[in-house]
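Colleague:
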Amino acid sequence: MFRSRCKKLSTLNWLKIELGIISQVSMLEYATPAVPVIKQDGSIRICGNYNTTVNPFLDVDRYPLPKVDDLFTALSG
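Reminder that position 1 of the sequence shown reads as 2 in the working numbering, one-by-one numbering, no gaps.
1) So what does DSSP say about Ile18, is it helix, strand or coil?
2) Over the uninterrupted beta strand (DSSP E) stretch that includes Ala35, give me the two end residues.
3) Identify the residues that DSSP records as bridge partners of Gly49: which are they?
4) Report the rounded CA-to-CA distance for Asn52 versus Val38, giving the unit in angstroms.
5) Per DSSP, what kind of secondary structure is Asp70 in: helix, strand or coil?
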């Protein structure tokens, strides 16, 4: 069942490429492999792991929000 759904998904994607709806890209520094996952209702969810591709390029929040306890301590004097 999984293989047949993946084959249908692949065929559908190639059809979309031929019709110009989507375009195939070469390997980019932000490219993440897509993995089709079958949901309980039988539909397909496309998943990707961005830990090694996108996440290293994100800006880290240098000013995180303070904890509520720290705020109350500062307000109480």
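Where a beta carbon is used, it is the ideal one built from N, C-alpha and C, also for glycine.
Modeller: With the structure as the only source:
1) In the structure shown, Ile18 sits in a helix (DSSP, three-state: H, G or I).
2) Element bounds for Ala35: 35-39.
3) When DSSP reads this structure, Gly49 sits in a beta bridge with Ala35.
4) Cα to Cα, the separation comes out at about 18 Å.
5) DSSP places Asp70 in helix when its eight states are reduced to three.
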